[in-house]
Amino acid sequence: MNLVPKRPNRTLGPGHDSFWEYCAKGEMRLQCCGACGKFTWPVAQACEYCGSAELRWEPVSGKGRLVSWSTFERDYYQGVIPIPYGNILVELEEGPLFLSNPAGFTWREAVPGMKVKLTFLACEDSAGRFELPVFERV
Amino acid sequence: MKVNFIGTRYLTELLLPRMAEGSAIGSIASTAAMGWSRVNTSAAVLDAVIQPIGRPAKPEEQVFFSGRDQQPVRELPQRCGNQRRWRTPGPAGDGPPAGAGGMTGNRSRVPPPACALRDKAAIIGIGETDYAEDYHSARTRAPGAIPLTAESLSVTAFERALADSGLRRADIDGISVSYIYGGPPPEEMASLLGLQPRYAITNGNIMAGPLPAVCADIAAGKADTVAMIYAAASRAIGRQYGGQTYTGDQAGTPASYYYYHPWGFSSQAAHWAMVCTYYLNQFGLTEDDLAEVAIQLRKNALLNPNAIMKTPMTLADYRASRYIVRPLHLLDMCLVNDGAVCLIVRKAELSRHLAHPAVLVSGWGEAEVKQNKLHVLVRERLRPQIQESLAQCLAMAGAEFSEIGHFEGYDAASMHLVTQIEGFGFAEPGTALARFRSGDFSPGGLLPVNTAGGMISGAYMHGWNQVVEIVRQLRHEAGPRQIKGLQMSLSSLAQTDASHPILYRRGA
Numbered sequence: 045m046n047l048v049p050k051r052p053n054r055t056l057g058p059g060h061d062s063f064w065e066y067c068a069k070g071e072m073r074l075q076c077c078g079a080c081g082k083f084t085w086p087v088a089q090a091c092e093y094c095g096s097a098e099l100r101w102e103p104v105s106g107k108g109r110l111v112s113w114s115t116f117e118r119d120y121y122q123g124v125i126p127i128p129y130g131n132i133l134v135e136l137e138e139g140p141l142f143l144s145n146p147a148g149f150t151w152r153e154a155v156p157g158m159k160v161k162l163t164f165l166a167c168e169d170s171a172g173r174f175e176l177p178v179f180e181r182v
Numbered sequence: 015m016k017v018n019f020i021g022t023r024y025l026t027e028l029l030l031p032r033m034a035e036g037s038a039i040g041s042i043a044s045t046a047a048m049g050w051s052r053v054n055t056s057a058a059v060l061d062a063v064i065q066p067i068g069r070p071a072k073p074e075e076q077v078f079f080s081g082r083d084q085q086p087v088r089e090l091p092q093r094c095g096n097q098r099r100w101r102t103p104g105p106a107g108d109g110p111p112a113g114a115g116g117m118t119g120n121r122s123r124v125p126p127p128a129c130a131l132r133d134k135a136a137i138i139g140i141g142e143t144d145y146a147e148d149y150h151s152a153r154t155r156a157p158g159a160i161p162l163t164a165e166s167l168s169v170t171a172f173e174r175a176l177a178d179s180g181l182r183r184a185d186i187d188g189i190s191v192s193y194i195y196g197g198p199p200p201e202e203m204a205s206l207l208g209l210q211p212r213y214a215i216t217n218g219n220i221m222a223g224p225l226p227a228v229c230a231d232i233a234a235g236k237a238d239t240v241a242m243i244y245a246a247a248s249r250a251i252g253r254q255y256g257g258q259t260y261t262g263d264q265a266g267t268p269a270s271y272y273y274y275h276p277w278g279f280s281s282q283a284a285h286w287a288m289v290c291t292y293y294l295n296q297f298g299l300t301e302d303d304l305a306e307v308a309i310q311l312r313k314n315a316l317l318n319p320n321a322i323m324k325t326p327m328t329l330a331d332y333r334a335s336r337y338i339v340r341p342l343h344l345l346d347m348c349l350v351n352d353g354a355v356c357l358i359v360r361k362a363e364l365s366r367h368l369a370h371p372a373v374l375v376s377g378w379g380e381a382e383v384k385q386n387k388l389h390v391l392v393r394e395r396l397r398p399q400i401q402e403s404l405a406q407c408l409a410m411a412g413a414e415f416s417e418i419g420h421f422e423g424y425d426a427a428s429m430h431l432v433t434q435i436e437g438f439g440f441a442e443p444g445t446a447l448a449r450f451r452s453g454d455f456s457p458g459g460l461l462p463v464n465t466a467g468g469m470i471s472g473a474y475m476h477g478w479n480q481v482v483e484i485v486r487q488l489r490h491e492a493g494p495r496q497i498k499g500l501q502m503s504l505s506s507l508a509q510t511d512a513s514h515p516i517l518y519r520r521g522a
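From first to last, the protein sequence lines are chains F and Y.
Counting from 1, position 65 in the first sequence corresponds to residue 109 in our numbering; the numbering is continuous, with no gaps.
Counting from 1, position 405 in the second sequence corresponds to residue 419 in our numbering; the numbering is continuous, with no gaps.
Dropping the structure here:
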């Protein structure tokens with residue numbers, strides 16, 4: 045088995061597991077409300093807009109634009125992720141904002157509104173291997 | 015002699031039924047027990063002797079990026095078996111279990127603003143610990159130094175507040191405790207302070223809900239004079255914000271924003287960095303512009319003898335300070351220090367002709383982001399919620415926005431303060447940094463802000479020290495940083511996903 049980077053633990057459990065199971069198949073699905081049609085993220089029990097519990101896992105295109113970013117220069121995770129590393133906030137085509145990591149670029153190349161697309165990074169946490177959705181430049 | 019004999023015998027008799035076979039009691043009496051008969055000893059003493067105290071509570075500001083937050087209802091006091099004591103149901107000081115609901119901690123809910131509650135209670139006594147001295151002694155870790163505890167800090171703050179108020183101990187008939195990292199239940203704290211309250215509550219932790227909650231209870235007749243105690247012994251246990259769990263938290267509770275851990279995202283610094291990048295881009299501003307906030311707060315701190323930071327800060331100092339989460343530097347972030355604050359809050363009609371002018375609590379408001387959280391927090395910077403809560407607050411107080419002459423905003427980070435200044439409308443969006451540079455928010459400016467140095471350069475007392483500063487300013491006792499003729503102040507001391515302004519007036 046190849047070594048993959050370690051990451052801090054995911055939140056797992058009903059609903060959360062579904063998200064990561066789709067990621068393991070190389071696709072990103074988010075909960076979409078059957079009543080109002082809006083996407084909800086992070087994982088919820090009911091639609092954050094209309095309260096309906098009729099949430100379905102719908103695929104998203106993985107295309108988005110860069111809204112904001114930041115770079116950790118302080119080691120909050122005791123070396124689990126080597127610093128510095130970036131965080132980005134991506135507005136997905138379907139609407140929700142998704143907090144992630146940049147793949148293959150840093151804050152130096154980041155531009156507001158820049159187009160990005162989904163890719164996956166093989167990682168490992170205390171529950172095992174998983175595919176982490178991250179974003180690269182188009 | 016009488017005290018020593020009766021006190022020792024009383025305690026011995028209480029302990030006897032709990033002793034194991036073959037154990038013994040050694041009695042040492044001293045005059046430190048003076049006044050014992052005024053203290054409600056029975057169960058409180060036993061609890062203190064037999065059970066370790068200190069129950070961790072989670073800072074409630076850590077809630078917002080964590081998915082769906084629960085809003086626990088504030089625990090209401092209930093009579094327990096002993097008719098002289100109040101007890102809060104459940105484990106005092108504990109919040110709901112951390113988990114899918116997020117890190118809400120022991121959240122104190124703000125009572126609904128109502129005109130009937132306007133000016134019904136006043137702050138008439140203030141007490142703080144020696145923030146600067148305690149900070150430096152904790153950092154130097156002097157050999158043999160005893161770590162500060164919630165108990166020792168609270169006693170200091172309370173005694174100072176009592177002396178400041180000019181009241182007698184027996185005048186205090188209520189107690190409210192708000193701990194960040196745990197502390198004894200309110201009944202035990204009352205015993206420690208020599209109080210016999212008819213009202214005793216555990217009341218959230220950071221300064222969002224606790225003050226309105228007590229004002230509403232005073233208006234309802236539950237108590238006339240309440241000692242509100244806040245304590246944080248964070249540095250003593252080596253707390254740090256961020257990471258998989260809080261360092262120093264033995265329970266292993268996940269840190270804030272835990273949902274984003276796999277992407278390495280946690281901490282207040284991370285949130286404000288994300289907000290800040292968007293803000294600087296939106297208005298074409300730079301890190302040097304942002305530096306104006308920290309530089310002004312440091313100037314203010316230099317006028318406050320109890321402020322922790324005591325050296326002037328230049329732009330070069332700011333640039334040279336390390337990044338925590340880029341674009342935020344160390345000097346953009348609040349301090350972490352130990353301390354306690356006591357506010358003595360009294361029914362307004364009993365608050366005239368005391369040692370100092372009373373500071374009336376005139377109004378408050380609350381609004382929280384419920385939907386599309388990341389969008390509202392990053393792109394709208396909570397402005398709709400801040401505006402909504404301000405409207406509630408002004409309506410309750412019967413005040414005009416233009417009457418506000420001083421603002422104390424929760425500065426967990428420089429960017430946090432900017433969002434509030436612009437959100438309340440003290441500056442148009444995108445202009446706050448330029449107005450810091452021009453001196454508009456300095457103690458002599460158009461709207462003085464965080465005049466004691468805030469939490470970035472003054473002390474990180476989760477907003478409580480900022481209420482103390484408001485009291486000093488409205489009493490006209492703030493010395494070299496006094497705002498001339500000040501009559502009304504606004505505080506905004508809250509979580510990052512909610513706005514809780516409180517409006518204060520100088521009493522007649």
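Using N, Cα and C, we set each Cβ at its ideal position, and we do this for glycine too.
query: Whose Cβ in chain F lies nearer than 7 Å to the Cβ of residue 340 of chain Y?
result: For this step, residue 340 of chain Y is matched to residue 326 along the second sequence. Simply 114, 115, 117 and 151.
- request: Would you check if the distance between the CB atom of residue 493 of chain Y and the CB atom of residue 129 of chain F is smaller than 8 Å?
  value: Here the question's residue 493 of chain Y lines up with position 479 in the second sequence. Here the question's residue 129 of chain F lines up with position 85 in the first sequence. Result no, Cβ atoms of residue 493 of chain Y and residue 129 of chain F do not sit closer than 8 Å.
Is the Cβ-Cβ distance between residue 507 of chain Y and residue 514 of chain Y less than 8 Å? Along the second sequence, one-based indexing puts residue 507 of chain Y at 493. Along the second sequence, one-based indexing puts residue 514 of chain Y at 500. Result yes, Cβ atoms of residue 507 of chain Y and residue 514 of chain Y sit closer than 8 Å.
Use the C-beta contact count for residue 129 of chain Y: other C-beta atoms within 10 angstroms, 16 or more gives buried, fewer gives exposed. Position 115 of the second sequence holds residue 129 of chain Y. It counts as exposed.
Next on the checklist: Please report the straight-line C-alpha distance between residue 480 of chain Y and residue 157 of chain F, rounded to a whole angstrom.
Outcome noted: Here the question's residue 480 of chain Y lines up with position 466 in the second sequence. Here the question's residue 157 of chain F lines up with position 113 in the first sequence. Computed Cα separation, rounded: 38 Å.
message = Give me the chain Y residues within the contact set of residue 144 of chain F, using Cβ-Cβ distance strictly less than 8 Å, ordered along the chain.
response = Walking along the first sequence from the start, residue 144 of chain F turns up at place 100. Under the 8 Å cutoff, chain Y gives 277.
### Message
Within the continuous beta strand (DSSP E) that includes residue 151 of chain F, where are the two ends?
### Response
Taking the first residue of the first sequence as 1, we reach residue 151 of chain F at position 107. No beta strand (DSSP E) contains residue 151 of chain F, which DSSP labels as neither H nor E.
- Would you say residue 99 of chain F faces chain Y, with C-beta separation under 8 Å as the test? Here residue 99 of chain F is taken as the residue at index 55 of the first sequence, counted from 1. Judged by the 8 Å Cβ criterion, residue 99 of chain F is not in contact with chain Y.
- Query: Between the Cα of residue 409 of chain Y and the Cα atoms of Y/357, Y/308 and Y/132, which residue gives the shortest distance?
  - Reply: In the second sequence, the residue the question calls residue 409 of chain Y occupies position 395. For residue 409 of chain Y, the closest C-alpha among the options Y/357, Y/308 and Y/132 is that of Y/132.
Margin query: Given this structure, state the Cα-to-Cα distance separating residue 1 of chain Y from residue 460 of chain Y, to the nearest angstrom.
Written below: No information on residue 1 of chain Y is available, as it lies outside the stretch 15 to 522 that chain Y covers here.
Contact criterion: CB-CB distance below 8 Å. Does residue 510 of chain Y meet it with respect to chain F? Position 496 of the second sequence, counting from 1, holds the residue named residue 510 of chain Y. Output row for residue 510 of chain Y: interface = no.
query = Span of the alpha helix (DSSP H) holding residue 309 of chain Y?
reply = Sequence index remark: in the second sequence, residue 309 of chain Y carries index 295 (1-based). Element bounds for residue 309 of chain Y: 301-315.
What does DSSP give as the partner residues of residue 347 of chain Y in its beta bridges? Numbered from its first residue, the second sequence carries residue 347 of chain Y at position 333. BP columns for residue 347 of chain Y point to Y/427.
Express the C-alpha separation of residue 99 of chain F and residue 419 of chain Y in angstroms, rounding to a whole number.
-> One-based indexing of the second sequence puts residue 419 of chain Y at position 405. One-based indexing of the first sequence puts residue 99 of chain F at position 55. When the Cα atoms are used, residue 419 of chain Y and residue 99 of chain F turn out to be separated by approximately 49 Å.
* Compare the C-beta of residue 66 of chain F against all C-beta atoms of chain Y and say whether one is closer than 8 Å. => Residue 66 of chain F sits at position 22 when you count from the first residue of the first sequence. No Cβ of chain Y is located within less than 8 Å of the beta carbon of residue 66 of chain F.
Please classify residue 177 of chain F: does DSSP put it in a helix, a strand, or coil?
One-based indexing of the first sequence puts residue 177 of chain F at position 133. In the structure shown, residue 177 of chain F sits in a strand (DSSP, three-state: E or B).
Taking its Cβ as the centre, do 16 or more other Cβ atoms sit within 10 Å of residue 88 of chain Y, making it buried, or is it exposed?
Residue 88 of chain Y sits at position 74 when you count from the first residue of the second sequence. In this predicted model, residue 88 of chain Y has a pLDDT of only 31, less than 50, meaning its place in the structure is not dependable enough to derive any value.
**Asked** Residues in its own chain within less than 7 Å of residue 303 of chain Y by CB, not counting five upstream and five downstream?
**Response** Residue mapping note: residue 303 of chain Y aligns to position 289 of the second sequence, counting from 1. Excluding its 5 nearest sequence neighbours in each direction, residue 303 of chain Y has C-beta neighbours in its own chain below 7 Å: 447, listed in chain order.
key: Contact under 8 Å by Cβ, residue 226 of chain Y with residue 373 of chain Y   = In the second sequence, residue 226 of chain Y corresponds to position 212, counting from 1. In the second sequence, residue 373 of chain Y corresponds to position 359, counting from 1. For the 8 Å CB-CB criterion, residue 226 of chain Y and residue 373 of chain Y do not form a contact.
Using three-state DSSP, classify residue 66 of chain F as helix, strand or coil. Locating residue 66 of chain F in the first sequence gives position 22, where the first residue counts as 1. Of the three classes helix, strand and coil, the one that applies to residue 66 of chain F here is helix, per DSSP.
| message | Determine, for residue 61 of chain F, whether the minimum Cβ-Cβ distance to residues of chain Y falls below 8 Å. | response | For this step, residue 61 of chain F is matched to residue 17 along the first sequence. Not one chain Y Cβ lies under 8 Å of residue 61 of chain F.
task: Rank Y/35, Y/295, Y/126 and Y/141 by C-alpha distance to the C-alpha of residue 154 of chain F and give the top, closest one.
output: Against the first sequence, residue 154 of chain F aligns to sequence position 110. Checked all of Y/35, Y/295, Y/126 and Y/141; the closest Cα to residue 154 of chain F is Y/295.
key: residue 523 of chain Y versus residue 333 of chain Y - alpha carbon distance   = Here chain Y comprises residues numbered 15 to 522, so residue 523 of chain Y is not present and cannot be evaluated.
>> By the three-class DSSP mapping on this structure, what secondary structure does residue 133 of chain Y have?
In response: Reading the second sequence from its first residue, position 119 is the one you call residue 133 of chain Y. Collapsing the DSSP output to three states places residue 133 of chain Y in coil.
Using a Cβ-Cβ distance under 8 Å, would residue 336 of chain Y count as near chain F?
Numbered from 1 along the second sequence, position 322 holds the residue referred to as residue 336 of chain Y. Judged by the 8 Å Cβ criterion, residue 336 of chain Y is in contact with chain F.
Exercise for review: Please work out which residues of its chain come closer than 6 Å, Cβ to Cβ, to residue 197 of chain Y, disregarding the five sequence neighbours upstream and downstream, and give them in chain order.
Suggested key: Within the second sequence, residue 197 of chain Y is the residue found at index 183, counting from 1. Cβ neighbours of residue 197 of chain Y within its own chain (closer than 6 Å, five residues either side excluded): 164 and 245.
Alpha carbon to alpha carbon, how far is residue 151 of chain F from residue 114 of chain F? Position 107 of the first sequence holds residue 151 of chain F. Position 70 of the first sequence holds residue 114 of chain F. Using only the alpha carbons, I get a separation of about 7 Å.
- Roughly how far, in whole angstroms, is the beta-carbon of residue 108 of chain F from the beta-carbon of residue 164 of chain F, given that I think they are within contact range, below 8 Å? One-based indexing of the first sequence puts residue 108 of chain F at position 64. One-based indexing of the first sequence puts residue 164 of chain F at position 120. No, residue 108 of chain F and residue 164 of chain F are not in contact; Cβ-Cβ is about 15 Å, not under 8 Å.
>> Looking at chain Y, is there any beta carbon in it that lies within less than 8 Å of the beta carbon of residue 51 of chain F?
In response: Sequence index remark: in the first sequence, residue 51 of chain F carries index 7 (1-based). Chain Y, which has a Cβ nearer than 8 Å to the Cβ of residue 51 of chain F, makes this yes.
Sorted by chain position, which residues of the same chain lie with C-beta nearer than 8 Å to residue 341 of chain Y's C-beta, five sequence neighbours on each side aside?
If you number the second sequence from 1, residue 341 of chain Y lands on position 327. The beta carbon of residue 341 of chain Y lies closer than 8 Å to those of 287, 290, 291, 294, 301 and 304 in the same chain, with the five residues before and after it left out.
* **Nonlocal neighbours in the same chain, by C-beta distance under 6 Å from residue 64 of chain Y, ignoring five residues either side** => Against the second sequence, residue 64 of chain Y aligns to sequence position 50. Note that residue 64 of chain Y has pLDDT 30, beneath the 50 cutoff, so the model's placement of it is unreliable and no number is given.
| field | Segment contact, 8 Å Cβ cut-off, at least three pairs: the segment 456-475 of chain Y with the segment 413-428 of chain Y | value | Short answer: they touch.
| query | Fully enclosed by the segment 365-449 of chain Y, which beta strand (DSSP E) runs are 3 residues long or longer? | reply | You should have 373-378 and 421-423.
| said: Alpha carbons only, please: which of F/120, F/168 and F/66 is nearest the one belonging to residue 25 of chain F? | reply: As shown, chain F starts at 45 and ends at 182. That puts residue 25 of chain F outside it, with no answer to give.
Query raised in the report: Which residue comes first and which comes last in the alpha helix (DSSP H) that contains residue 124 of chain Y?
Result: Position 110 of the second sequence, counted from the first residue, corresponds to residue 124 of chain Y. For residue 124 of chain Y, there is no enclosing alpha helix (DSSP H), as DSSP gives it neither H nor E.
Q: State the start and end residues of the unbroken beta strand (DSSP E) segment that holds residue 332 of chain Y.
A: Position 318 of the second sequence, counted from the first residue, corresponds to residue 332 of chain Y. Run containing residue 332 of chain Y: none in the beta strand (DSSP E); it sits in the alpha helix (DSSP H), 329-334.
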